[in-house]
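Notes for the one structure printed next.
Protein chains: 2
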Amino acid sequence: MRHRLPLLACLLALSPLTAAARAYGDEGMWLLNQFPSETVKQRYGFDPDQKWLHHVQLGSVRLAGGCSGSFVSKDGLILTNHHCAHACIEQLSTPTDDRVKAGFLAKTRADEVRCPEIEINDLTDIQDVTADVQKATAGLTGKPYNDARKAISAHLEKACADADPKPDRVRCDVVTLFHGARYDLYKYRRYQDVRLVFAPELGEAFFGGDPDNFNFPRFDLDMSLLRVYQDGQPLHPSDHFPLSKRGTKEGDLTFVSGHPGGTDRQLTLAQLLYLRDVAQPDRLLQLAEIRGLITEYQLRGPEEKRHSTDLLFAIENSFKAIRGRQVALTTPPLMADKTAEEAELKARIAKDPKLSAKAGSSFEAIEKALARQRQIRIPYSYEEGGRGFQSTFFGLARTLVRGAAERPKPNDTRFPEFRDSVLPQVSQRLFSSAPIFPELEIETLTYSLTKLREELGADDAFVRKVLGKKSPRTLAKELVNGTKLADVGLRKTLWEGGSKAVDASQDPMIALARLIDDDARKIRKVYEDEVEAVVKKNEELLAQARAEVFGTKTYPDATFTLRLSYGKVQGWNENGNPVAPYTTFGGAFDRATGEPPFDLPPTWLAAEKKLKLDTPLDFVTTNDIIGGNSGSPVINQKAEVVGLIFDGNIHSLGGDFGFDGTSNRAVAVDSRAILEALSKIYGAEYLAKELSQ
Amino acid sequence: MRHRLPLLACLLALSPLTAAARAYGDEGMWLLNQFPSETVKQRYGFDPDQKWLHHVQLGSVRLAGGCSGSFVSKDGLILTNHHCAHACIEQLSTPTDDRVKAGFLAKTRADEVRCPEIEINDLTDIQDVTADVQKATAGLTGKPYNDARKAISAHLEKACADADPKPDRVRCDVVTLFHGARYDLYKYRRYQDVRLVFAPELGEAFFGGDPDNFNFPRFDLDMSLLRVYQDGQPLHPSDHFPLSKRGTKEGDLTFVSGHPGGTDRQLTLAQLLYLRDVAQPDRLLQLAEIRGLITEYQLRGPEEKRHSTDLLFAIENSFKAIRGRQVALTTPPLMADKTAEEAELKARIAKDPKLSAKAGSSFEAIEKALARQRQIRIPYSYEEGGRGFQSTFFGLARTLVRGAAERPKPNDTRFPEFRDSVLPQVSQRLFSSAPIFPELEIETLTYSLTKLREELGADDAFVRKVLGKKSPRTLAKELVNGTKLADVGLRKTLWEGGSKAVDASQDPMIALARLIDDDARKIRKVYEDEVEAVVKKNEELLAQARAEVFGTKTYPDATFTLRLSYGKVQGWNENGNPVAPYTTFGGAFDRATGEPPFDLPPTWLAAEKKLKLDTPLDFVTTNDIIGGNSGSPVINQKAEVVGLIFDGNIHSLGGDFGFDGTSNRAVAVDSRAILEALSKIYGAEYLAKELSQ
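Order-wise, the sequence lines are chains E and D. When the letters of the first sequence are read in order and numbered with this note's numbering, they come out as residues 77 to 769. When the letters of the second sequence are read in order and numbered with this note's numbering, they come out as residues 77 to 769.
What follows is the structure, given as structure tokens:
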């Protein structure tokens, strides 16, 4: 890379194998409170100071369901991707008013419609609680360690929320960083009244569909606008990023602020092998089969197609992403490199008696725990993981059954998914008005019951308990057609009625969730005590050892917490052919074939003559991002939005395990495209104006 | 294993890593002209002499489409599996006369119906032609080696057939054994007038369906009876095996004579890694997706279900088999063992200057060729391998287009699939009267065109040439609805008319096959010259080295040629629980739930009281078998049929890479079950009688 600067060269000489040392190019999903401003200054001549970083922190938001976004107006507008709001847009549609297909524009604020399941989190405070966690878990291993770790997290989260005058308006999460070398307490403002303001047609937001996904050149206006309300009024956030009318040019410095969901760059070799040989192939096969099933299901008719499109896209997106990761793990030299790195760390630990006493057996302990996971993963994932019961109704039933049992317990000893800190999100989902489609439910439940029988075997006691003498389809039909859980009122009654109400319920889906709960809890306990506890503890020991050996001036693996990456606008070289960093509106019209998924919507075709066709549409940067960064703002030095991350290129998929700055690119919608489209295609000049202030 | 005998112990001491040495238990798919009779005698007290072996050879047959069978009456009855005849039974069915569902019984010989696509091969002569092949390829490498190897094979095959008074009634194949350490010329009698005599209902033949596939206990009557005709009369084969009324008891010696399709026990590590990391995962994902698709397609209606059932079973069967192989390659310690074995062989070669000069660089050469294969495998499999065009109509079109170009060439230089030795099979398929289902064709072609675009990319020149601006579905519909290739007469005209007729044809499917032929040939040439030629040559060198180091008293990897394995009736231990070797008719009634795939057909329910319920139905043996052995007779020392192989247990799937005698089991229908069912359930006493003589 042209910009490799002295500081990095020094680090490289110091410790050839640390993550930081391998951070060539613009690698790094950095913590905002440990940002390498000095490096950025040396490389790009701009020094992000604390004030600037704090402004970026407050202007950035998280969609709790799994995306990123940012405040882009003083009246609480949030910019994110279309695909991050797709589920909401589908939920707000009906068979006769398909807002996914036709797009949506609220003409006035009164026309803005609430999304049933979107929660926005805005990070306000970070507190290092490593000492608290270490104190609580000192000297412990196995189950006692794991229980103590969870209890202190629950305790800290609750104390944090209770200290706020309005506990239900904040969300406090204890966050594991560096695989346990550090624990931070993150405090967010929590917003659940989030309304849809604007979404283009899916045909343009996802132009090129799955064939173009993770590819570039790209021509997508993958954006949506939401507005946060509080007490019935638009929120006026403390910080926001205005959209830049000038955008960027090639080579410009770019920052991406967002919530990368997870990376696996610091896993042990045994963990990588588990991913390569067990977890990822298994997930891919499941996704491939259900992809075929839903693809064919869509042909049943327009309504079936409409209500399963978001699901299909999610499946296809995961499939492509995980497949890219699998290719990375099975293509030389990645595993050879990882093997050498681990050998180096092992040698460094072995040389130091203190480290050796502490973490000398941790590699092996993790390996053994994963061997145990291999043995139990099928019953664990099918019985407890819900893989055997893929149905929204079942999910609701399990939440009701489990909630009734867990909520009366002290906060510290509940399953983490029922801690006070997450209950508002749980109840938002539980009481969501989003429609549920029985026809689709029957298909996904039939599929998963079939897999349950296939993987556990027709003679397995759990399978017999669930299916009896029924076929998967017969049972799925009975359950879906018999349940009354489509009624939000019934769910509220059962939630509020607790164990007594749930135990008395004769709803067949509730009965199923009750029937399997003991078995599911049993296998979960095996997993937690014999796998999770061992892995977490030894990851923590190894992380501490790694920090002692290689220092801590690096970034932790992504954990769906706020990170900032730096980079620049730059194309790459694909098999000897340069890929230019920008595409234009004109390119979209060139690429259009009139056949899905390359058919532009009528609004675009009608506006062609009005458009400035050389306006940049999408562009790529060298920023280090991954899934979860969708919806992240790309900002310039003035903290103006110059772009909107919506994808990575195909080479970014191996980014789960390491960053290759030569070809790994983030893909974004250009701010100029957003303004051009709002004004000239969608007649939303007033939104363009609001975004520019 | 209890029966490990001195001979084997000696070999073990001599060379701990040869295939023969690892042949513990009853391992081995042995050549009939190199059968370890001495070992069998020592272990089981029976000495299969040349006469016995020759009788077994002549009584055994191959179904050229991919199964095994045997003559079981002097009037040409062949016993094979239901699933080996499933395609025929489906082809002979109509929407209103579903013989797959209802079963089939020819009341008289006049009612026996010809299968449109079954070819039977009966091996009569074996000739060692290693010297001829070695002479023809002496001193050659790369493309010249590969061309010479193919030319001498074509030449030997043609000379063999031409030497017969009726060349079109024989089939001569040059067979590669031990990966090229040996070449044999196999001469078969070829029969294409094969008629369906009896098949039970699918519900019982495949009782338990995919959930029970590769599992045991099992309760399937997976049998069918065919009869070979010649000149309009039933054939009277020189040898046949009568069915045993007495069957077997636990511990009895059993032989399985059949055509295992392929094993990978002697591959190099690089080849295994290619399978593990590239080929198998890729195939599994494809199978999983199309499985989901066809599963859902079956719900369109009873007719769609009827005409896609054989396809779905084939997909599910392959999926389970390959997945088992993938589990074997990703579960310790297999790869570690293989690594150690290869290191041993490498060391032995390195120690011997002569061997070293010959094969010292072969491991690396194969590895490099496979790296090249990784680069070209996508265009190769989609453009040439037909993966982008999964449609029976397209297959016919390609055969016509290719045939027109290849058949005028000298036999020695044609693509092997158009050599004189295989043309009768090609034309049987080409002129088959089997129905083709346009609705299903559209689905499979849409799917494969979608994958073509997905894998090669929407901007790929080949993809653009094929699709233009059309979507996969639009093009698939045009092609399938536009082609006239359902007309067998048209196919005959085009085949006989050669290039002139094919070039002039305006049939859209013919036009597509013409359009892509140059590209497909180009990528095939790259594959053949840069991958196949290198791998074949170096496999041959390594095989010769292996033979010199470890001797030749072993068995070669399976190649869909006749093999004989020995073993005994024996259960195994599953996680501490003994699995008994036999199931009974009574067990089938116990397992029946009334819901598919565990619903017994009405004939069985009606006959329950007449049946001797303790009659053995299925059983397991320690014989070493693999896919392709389906339909193999299990015979006793008197060469009576005591069983009919139809499956392996779940542990047999790793048998692709090595045999684990402790748990690998072959699964067979008991001869007593066949006789009991024919007499008491199907009212076919006369068939039972014919089989017992």
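Glycine included, each C-beta is placed from N, C-alpha and C at the ideal position.
With respect to the 8 Å criterion, ARG367/D and GLY368/E are classified as neighbours on the basis of their beta carbons.
Here ALA619/D has PHE254, HIS255, GLY256, ALA257 as same chain residues with Cβ atoms under 6 Å from its own Cβ, once five neighbours each way along the sequence are excluded. Among the residues of chain E, those whose CB is under 7 Å from the CB of ASP353/D are THR406, following chain order.
THR339/D is positioned such that its CB atom lies no closer than 8 Å to that of ASP736/D.
Excluding sequence positions up to five before and after ARG450/E, its CB lies within less than 7 Å of the CB of VAL354, all in the same chain and listed in chain order. Looking only at ARG322/D, LEU216/D, SER314/D, the smallest Cα-Cα distance to ILE711/D is reached by ARG322/D.
Cα atoms of ILE750/D and TYR267/D: separation of roughly 25 Å, rounded to the nearest angstrom. Around the Cβ of ALA753/E, a 10 Å sphere holds 16 or more other Cβ atoms; the residue is buried. Excluding five sequence positions before and after GLY135/D, the CB atoms of its chain that fall closer than 8 Å to its own CB belong to SER146, PHE147, PRO313, ASP315, HIS316, PHE317, SER333, PRO709, ALA715, given in chain order. Cβ neighbours of HIS231/E within its own chain (closer than 7 Å, five residues either side excluded): ASP488. DSSP places SER144/D within a strand segment (E or B) once states are collapsed to three. Not one beta carbon of chain D lies nearer than 8 Å to the beta carbon of LYS756/E.
Remark: fewer than three beta-carbon pairs, one from each stretch, lie closer than 8 Å, so the stretch 386-396 of chain E and the stretch 386-399 of chain D are not flagged as touching.
In chain order, GLU195, ASP244, ARG247, ARG266, GLN268 place their CB closer than 8 Å to the CB of PRO500/E, counting only its own chain and leaving out the 5 sequence neighbours on each side. Considering only beta carbons, no part of the stretch 710-744 of chain D lies closer than 8 Å to chain E.
For THR371/E, a Cβ of chain D is located within less than 8 Å of the residue's own Cβ. Residues of the stretch 544-558 of chain D with a C-beta less than 7 Å from any C-beta of chain E: LYS545, LYS546, SER547, THR550, listed in chain order. Chain-order list of chain D residues neighbouring GLU671/E: LYS545, LYS546, SER547, THR550, by C-beta distance under 7 Å.
Residue environment for ASP594/E: exposed (fewer than 16 other C-beta atoms within 10 angstroms of its C-beta). When DSSP states are grouped into helix, strand and coil, GLN362/D belongs to the helix group.
Bridge partners of TYR305/E according to DSSP: PRO310/E. Nearest CB-CB separation between ASP579/E and chain D: not below the 8 Å threshold. When rounded, the separation of the alpha-carbon atoms in LYS553/E and PHE283/D is 23 Å. No Cβ of chain D is located within less than 8 Å of the beta carbon of LEU687/E. Using a Cβ distance threshold of 8 Å, LEU516/E and THR475/E do not count as a contacting pair. Excluding five sequence positions before and after GLY471/E, none of the CB atoms of its chain fall closer than 6 Å to its own CB. Inclusion of PHE674/D and ALA668/D in the CB contact set at 8 Å is warranted, their separation being smaller than that value. Taking a Cβ-Cβ threshold of 7 Å, none of the residues of chain E is close to ILE194/D; the smallest such distance is about 30 Å. Listed along chain D are LEU360, LEU361, ALA364, ARG399, each with a C-beta nearer than 8 Å to that of LEU361/E.
For ARG367/E, the closest Cβ of chain D is nearer than 8 Å. For TYR221/D and LEU153/D, the gap between their C-alpha atoms comes out near 44 Å. Scanning LEU638/E, ILE757/E, GLU188/E, ILE701/E for the CA closest to the CA of LEU689/E turns up ILE757/E. Within chain E, the residues ALA534 have their CB atoms less than 9 Å from the CB of GLY284/D, given in chain order.
In this structure GLN356/E is buried. Its beta-carbon is surrounded by 16 or more other beta-carbon atoms within 10 angstroms. Neighbours of PRO357/E in chain D, taken as residues whose beta carbon is under 8 Å from its own, are PRO357, LEU360, GLN402, THR406 in chain order. DSSP places LEU689/E in the coil class of the three-state scheme, outside both helix and strand.
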